[in-house]
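Reading through the structure tokens given below for one structure.
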Amino acid sequence: MSNSFDYRFDRSSYERPNNRFVCGRATEWGKPCGRGPNGDGTCGGTAECQPFNRNGRWECRRAPQDGGPCADGPGPDGVCGCSTPPCVPRRSMRQLRWRATVIFVGLAIALIAVFTQLTTSGDIFAGSARLAALDAGDLTGSHAGFTGAKGCKTCHEAHDAAPTGWLRAVFGKNDLSGQCVDCHKFGGPADRPHNAVFAATASNGKTGKKTECTMCHTEHKGVDADISTLDNKQCAACHKKSFSTFDRGHPKFSKQFPHFRRTSIRFNHASHLNKNFLKPEVKDKAPASCTTCHQASSAQRSVEPLGFEASCAGCHDDQISKRNLVVLRLPEFEESSIDKEAVLEACGPVADEEEEDEEFESVSGEELNSVGAFLMNVESDDPEAYSEAFQNLLMAMAEEGTVPLGGLLEQSAETANPGTMFAGLNPEAVKRMACAWARNQEYELPAEPQYGGWYGDIVDLIYRPSGHADPVVKAWLEMAISAKSDDDDVTERISDMREELLSARDGAGACVKCHAVTQDTEDGPLRIEWNYHKDTGQSYQTYSHGQHLSLVNPQGVKLADPTQGCATCHKLDQKADFASGFKDFNPKTFSSNFASLNKQACVQCHTEGRVRQDCQLCHDYHKEPGFTDRVTRNEN
Amino acid sequence: MATVAHLSRPQRWDSPYDPEMQDSDVQDLLTRPEISAIDAGSFPDSLPLEGILKNDTRIVRFNPGDIVVREGDYGNSAFVILKGKLRVFTGDYPAALLGRETASKKSLFETIAQVWTNKRTPEVRDTSRYGDQAVRASKRGGRSRRLDSGSSVFVQDIPVVLNKYKTAEMSEGALFGELAALGRIPRTATIFAEDGATLLEIRWQGLREIRRFDDGFRRMIDNRYRQNALLVHLRETELFANLDEEALDKVAQATLFETYGAFDWHVSYQKMRSSGQSSAGNEPPIARQGEYVDGLLMIRAGFARVAREYGTGQRTLTYLGAGDNFGLEELYEGWKAGETVNMSSSLTALGYVDALRVPAQVLEEHVFPHLEEGLIKPAEKTERTLADDALLEFAVEERFINATQAMLIDLDRCVRCDDCVRACASTHGGNPRFLRHGKTFDHWMVTNACMHCTDPVCMIGCPTGAIHRSQVGGSVVINDDTCIGCSTCATSCPYDNIRMVEIRSADSHVVVDPATSQPILKATKCDLCYTNPGGPACVRACPHDALNRVDFHFDSITEGDL
Amino acid sequence: MAASRVRILMIVLASGVIFDLLLLESENINIGLGSAAELTGYWLFGVMVFLTLFNLRKKLSMIPLGPASIWLALHTVGGVLALALFWLHTGTIWPTGIYEQVLVVLFYATVASGIFGYVAQKIYPPRLTQSGVEVIYERIPDHIFEIRDEVEALVLQCTEDTRVDTLGRHYLDTMSWFFRKPRFFLSHMVGSQMGRQWVRQQDANVRRYLNDAEAEFLDKMTELAMLKNGIDLHYALQSIMKRWLLIHLPLTAALMTLSVWHLLVVNVYAL
């Protein structure tokens with residue numbers, strides 16, 4: 001059937017698909033004329049031929065494909081008889097397509113133009129202007145609330161700018177992060193990783209790089225969007241040890257975690273838990289559980305022990321006053337240069353007068369103590385060196401009481417405060433003691449001192465600590481720690497003094513028995529660690545003991561039960577040589593009482609399908625995030 | 001249309017082969033023995049011999065070394081040597097010698113410029129090109145007495161060439177080139193001038209007229225064909241490759257020259273189809289199935305159908321074209337087995353067949369003994385259903401076998417978007433050169449676009465030679481400047497692939513002949529985009545790979561291919 | 001494998017490679033706390049611009065710029081790539097912000113219309129071939145007019161010859177509606193045979209009232225009606241294959257306009 005249509009060249013002429021017009025009759029399903037529309041869109045088929053005048057007769061010249069010459073021929077005036085009324089040519093589909101395209105593009109441009117204008121005035125977050133052509137989505141609630149006055153310009157400087165401003169913004173970089181710090185501030189620079197400038201090591205080449213707030217925090221995600229919760233992968237941008245989850249692949253906790261230096265207080269958990277607490281005499285004083293000494297319920301990272309009074313005083317309180325501080329010791333004199341007359345004048349008459357011109361026999365056979373040697377800046381074992389100074393001191397003390405002592409102190413130690421260090425020293429008692437020693441007699445106490453304080457005893461000027469944190473002893477120990485001199489001899493005396501005062505066994509007040517003496521840097525100053533040392537080195541790591549308590553119930557278990565309570569994670573290391581850590585001043589050389597924490601304990605719960613294990617759970621990114629004054633003053 | 005443009009309608013001899021041809025030249029020619037042998041009296045008054053000589057011939061001078069004809073070129077004229085010596089290569093020679101001339105393709109800029117130069121108005125022509133004297137400004141055709149082929153390639157160092165390559169001499173009075181001119185086939189040899197030569201060039205319309213009216217001339221032409229072309233053809237045939245000169249000569253002597261059907265086969269073919277008859281019963285038989293095989297048939301030109309009896313009908317096995325053999329396998333097998341064989345199938349002429357018959361005896365005596373083993377393979381027996389052969393039957397019936405560039409559209413892929421037509425229009429000034437309709441077979445459509453036939457019957461009868469084969473590629477093209485719109489080619493084309501169009505002037509008015517008030521027509525057809533870089537635009541424009549230009553003989557058309 | 005299949009495979013592979021590379025690179029950038037949306041956005045825009053070049057290529061068919069079939073393959077696969085890149089760029093199927101939502105609606109509409117056009121152009125041509133008729137779209141009014149003319153002549157002839165107007169009345173009452181213009185558009189569009197069924201039914205409806213002489217005329221009329229039904233099929237399917245671009249191209253133009261504006265705004269406000 002398909003071959004019945006006529007393909008002959010005189011019946012079928014070319015089809016021209018590029019024609020812009022289509023015969024109007026064809027669109028109405030009539031017979032389209034053979035001529036087709038003209039190029040300008042007018043009907044081309046009104047007349048079917050152009051009649052030709054041959055010798056006075058008009059002849060039809062219709063084309064063969066339209067049927068050849070018509071039967072009737074043209075009219076007598078030469079007008080084609082086969083005329084038809086003109087059709088209305090319709091545009092071809094291509095033309096319609098072009099028009100539709102132009103209209104769509106025009107519409108798009110017009111709409112953009114109109115809606116762009118809607119943002120230039122008024123609050124863009126009000127009413128109808130929601131349809132702004134620039135609206136990129138809602139801001140989070142907290143940001144939306146304060147950007148009202150300046151609108152988009154709060155963060156986007158190029159908003160509202162002239163076209164040249166836009167052009168500049170296209171080719172320049174937009175500093176959005178710079179706007180964030182108008183309100184947000186941190187414990188360090190905002191444009192550095194972790195808000196800190198770390199020392200560069202081989203593995204962390206990225207510390208020098210600058211960061212932008214927009215790298216992690218993006219806005220315009222809706223009113224309730226959470227823009228501060230991040231993906232683990234974002235942390236892995238710099239922390240290159242890639243791993244999928246905490247339970248799988250998170251690096252092992254470092255070998256010593258969480259004990260990176262020795263404790264400030266020399267409390268040996270092992271010996272106490274295994275031995276001391278079990279002694280029958282302290283049975284009623286021994287703590288029942290870890291939380292008796294460590295307050296854990298509201299603790300975050302550190303679970304500090306309660307102070308000495310609550311934790312230690314029960315057993316150790318009486319030890320303190322047993323260790324006296326000997327400030328002065330009457331040494332052996334070979335001869336006395338003390339003027340008896342002066343003594344008589346200063347101290348008054350006394351019952352037993354020694355006969356004159358008898359050979360001098362020193363009442364004391366001792367050496368000068370190290371403190372005294374330091375104070376008077378003399379050798380402690382050389383009577384020739386110290387006799388005169390000491391005897392002068394005696395005279396001065398006999399006359400003036402405590403003043404000369406203060407003077408000596410100020411001379412030898414610049415930072416010493418005599419007021420504190422000799423607090424409570426009774427001048428009268430000092431005089432009496434000095435007089436006795438000046439007469440070459442022992443000083444006898446009227447009565448045994450009970451509560452501590454200054455007293456002279458036989459040949460010693462002694463301070464007895466009144467209890468824990470005695471300020472006088474503390475001051476004397478501080479002075480001993482901080483004293484220094486360029487002179488070799490003096491340095492030697494200082495070290496002697498230190499040795500005596502800071503001895504763990506015999507030191508004054510037994511302070512150093514428990515409080516560590518630490519030198520933070522090599523060749524740096526020493527210090528006594530009076531307080532519990534809180535590890536601040538890891539300021540980006542968070543852990544809340546309190547939240548985990550319900551899981552381990554420290555109250556209800558026996559102390560040192562290795563399977564429950566605090567011991568779930570903090571396991572006592574029986575073999576650790578705890579004491580060795582305190583033999584030197586270096587806090588980093590130590591053995592902790594407790595085994596390092598390892599991941600295993602955490603992974604029991606923080607694992608696939610159980611509890612959260614994303615990076616942000618335990619690690620903070622920002623250092624001390626806060627707000628600037630602008631926010632609190634509500635300058636917006 | 002209120003106003004029309006006017007132009008004189010050119011007559012056929014208004015564009016003579018050489019406008020400078022003088023009457024005196026004609027008289028000189030008439031005195032020559034080759035020309036005077038023609039009986040001037042047998043020519044009608046409307047077409048006198050003098051007229052033919054004046055308008056359809058020209059005298060051309062060649063310098064030593066100039067190449068007159070190149071082997072492979074499509075030529076439309078024959079030559080008679082008036083003076084001088086020419087040489088023809090009879091053996092191999094380097095192709096570089098020929099320096100083929102190329103048709104002028106558009107430059108890159110011209111190609112791109114079509115974007116804005118293509119017109120919206122249909123068929124706009126620059127009528128100033130036509131003029132009254134209808135002199136073509138193109139390089140083709142006589143402008144002066146000197147053949148200006150546009151290329152300056154000529155044979156250098158003639159003595160060396162003569163020594164090195166086998167050549168034959170051609171001297172005064174020799175006629176050559178008629179084979180190409182009349183047979184519409186490429187030149188068969190390369191001929192160059194040994195010394196300065198003067199030639200009479202007769203364009204084929206003139207040759208045709210002379211052959212038509214003068215018996216002696218016709219016989220001479222035919223005999224010459226036997227003597228010259230036959231040997232060359234035999235030499236080129238693989239079958240006779242191993243023969244020496246003597247044997248070849250014997251074969252040539254024994255060969256018979258046969259023609260079947262009519263030269264103008266398309267006329268009868270069209271009559272037959274329009275009366276509804278199928279062609280099968282109306283084809284002149286060449287050989288019949290079952291008859292004794294008395295010789296090898298070598299097809300020289302035209303097409304023949306190979307068929308076998310099938311029930312009450314004839315089933316086509318294949319068709320043969322120029323260069324194909326018929327009966328070779330039967331003869332060879334028969335000779336090997338020592339028995340006589342009969343034809344296994346019949347051969348009929350599809351319109352027009354030019355054949356050579358080499359007698360069986362000659363083959364058995366001279367050819368078969370020297371043949372390489374395996375050169376002749378017995379025909380493979382494959383089982384094919386009627387459905388398998390349907391496409392072949394269709395192609396033969398519709399004579400699409402003639403095609404070298406049939407436009408085949410796969411209707412299962414074609415989305416009817418007309419991109420191909422638009423592309424065709426874009427390379428022709430906004431005018432498409434084909435129509436997207438045509439005879440269909442299953443899901444294939446053979447579109448009405450010129451197929452650039454092996455045997456282009458459209459070229460028969462063109463009064464001005466406007467329709468010709470281009471120099472390169474052999475596509476059949478129409479020279480718009482010389483076309484007079486007589487519609488002969490359009491009427492001749494058996495496939496309705498040529499269309500006449502009314503031309504318009506630049507102001508979009510139809511150009512009309514003032515004498516008859518008829519619009520001026522020009523013939524148009526697909527020209528394979530021969531002046532455009534990139535080849536046919538239609539093929540590369542189809543987004544669905546639906547359109548292809550195929551040769552039915554060589555391209556396999558099965559499901560999934562193409 | 002056919003050359004076209006190999007070609008498509010190559011293009012799909014190339015697109016797959018491009019997409020994977022961009023996916024990996026954007027992951028890298030995200031992990032490095034950069035803005036992957038910038039990279040994927042520009043690539044998306046680039047691919048979209050490349051897709052629009054197809055229309056330009058069709059207009060420049062006189063310049064040898066490569067076969068249109070390769071361009072179509074690149075366009076189709078590129079379209080899918082653009083969709084994938086779109087989702088990679090936005091990270092979501094439905095973004096926030098009115099402007100972005102309008103943009104995404106246009107994008108999805110363009111892609112959907114493209115897919116519709118691709119599917120239609122794959123399914124319809126075999127149906128056209130199988131109708132048994134082949135017509136040029138612009139000549140359909142011509143064909144319909146001629147068929148109508150012939151049918152009306154037939155009916156008149158029948159009335160004249162047989163002196164009975166049964167067929168004529170049936171034509172005026174019912175059949176003339178059918179022959180006036182192409183019918184059963186939607187039915188042809190979805191591939192239903194409703195047209196043929198209707199013609200058959202109408203033939204059966206009137207046949208019982210006709211004698212043999214009239215029945216001959218009815219046979220011819222039904223034959224012409226079936227031919228017209230084939231032409232109707234061509235009209236419907238060819239219309240769709242031509243008209244879908246009336247949707248696809250304007251949408252594309254609007255989409256590109258809005259995309260350019262989006263590019264501008266993002267550069268001004270965020271980058």
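First to last, the sequence lines map onto chains A, B and C.
Just so we're aligned, residue 1 is where the first sequence starts under the working numbering, counting upward by one.
Just so we're aligned, residue 1 is where the second sequence starts under the working numbering, counting upward by one.
Just so we're aligned, residue 1 is where the third sequence starts under the working numbering, counting upward by one.
For every residue, glycine included, the Cβ atom is placed at its ideal position computed from N, Cα and C.
The structure displayed is predicted, hence computed values, not measured ones.
Name the one or two DSSP bridge partners that residue i has.
| i | result |
| --- | --- |
| B:G583 | Summary: the structure shown does not reach residue 583 of chain B, with chain B confined to residues 1 through 562, and so no result is reported for it. |
| C:E150 | Paired residues: none, contrary to the question. |
| B:M170 | B:L86 |
| C:R183 | Note: C:R183 sits in no beta bridge, so no partner. |
Between residue i and chain B, is the shortest Cβ-Cβ distance under 7 Å, so that the two count as touching?
| i | result |
| --- | --- |
| A:P32 | no |
| C:P182 | no |
| C:P141 | no |
| C:L72 | yes |
With distance defined between alpha-carbon atoms, name the residue in the options nearest to residue i.
| i | options | result |
| --- | --- | --- |
| C:K58 | B:A322, B:D419, B:P44, B:P519 | B:D419 |
| A:N417 | A:N440, A:E384, A:V472 | A:V472 |
| B:G51 | B:V293, B:G65, B:D18 | B:D18 |
| B:G474 | B:I520, B:C414, B:A403, B:P432 | B:A403 |
| A:S412 | A:W476, A:L167, A:A483, A:E400 | A:A483 |
| B:A181 | B:E330, B:F79, B:T488 | B:F79 |
| A:T607 | A:Q50, A:C70, A:S92, A:H250 | A:H250 |
Check the Cβ-Cβ distances between residue i and every residue of chain A, and say whether any is below 7 Å.
| i | result |
| --- | --- |
| B:A490 | yes |
| B:T90 | no |
| C:E138 | yes |
| C:Y42 | no |
| C:F54 | no |
| C:N205 | no |
| C:V277 | Residue 277 of chain C lies beyond the range of chain C shown here (1 to 271); nothing can be said about it. |
Does any C-beta atom of chain C lie closer than 7 Å to the C-beta of residue i?
| i | result |
| --- | --- |
| A:M93 | yes |
| A:D123 | Any reading at A:D123 needs caution, since the residue's pLDDT is 49, under 50, leaving its predicted position unreliable; the model's value is listed next. Output row for A:D123: interface = no. |
| B:Q114 | yes |
| A:F104 | yes |
| B:T447 | no |
Where do the ends of the beta strand (DSSP E) carrying residue i lie?
| i | result |
| --- | --- |
| B:D410 | 406-410 |
| A:T518 | 517-519 |
| B:I286 | 285-287 |
If you follow the alpha helix (DSSP H) that residue i is part of, which residue opens it and which one closes it?
| i | result |
| --- | --- |
| C:Q202 | 194-207 |
Below 8 Å between beta carbons is the criterion; list the residues of the segment 107-133 of chain C that meet it against any residue of chain B, in chain order.
-> Cβ contacts with chain B come from Q121, Y124, P125, P126, L128, T129.
Give the residues from the segment 71-101 of chain A that approach chain B closer than 9 Å (Cβ to any Cβ), ordered along the chain.
-> In summary, no residue of the segment 71-101 of chain A has a CB separated from any CB of chain B by less than 9 Å.
Short-range partners of chain B found in the segment 13-39 of chain A, where Cβ spacing is below 7 Å | For the segment 13-39 of chain A, residues whose beta-carbon sits nearer than 7 Å to a beta-carbon of chain B comprise S13, Y14, E15, R16, P17, N18, G39.
Return the residues of the segment 76-106 of chain C that lie within a Cβ-Cβ distance of less than 9 Å from chain A, sorted by chain order.
-> Within the segment 76-106 of chain C, the residues whose Cβ lies closer than 9 Å to some Cβ of chain A are P95, T96, G97, I98, Y99, E100, V102, L106, listed in chain order.
Mind checking the segment 423-434 of chain B against chain A and listing, in chain order, the residues whose C-beta falls within less than 9 Å of any C-beta there?
-> Identification of residues in the segment 423-434 of chain B having a C-beta nearer than 9 Å to some C-beta of chain A yields A425, S426, G430, N431, P432, R433, F434, given in sequence order.
Using a beta-carbon distance cut-off of less than 7 Å, what residues from the segment 484-515 of chain B approach chain C?
-> Flagged: no residues at all.
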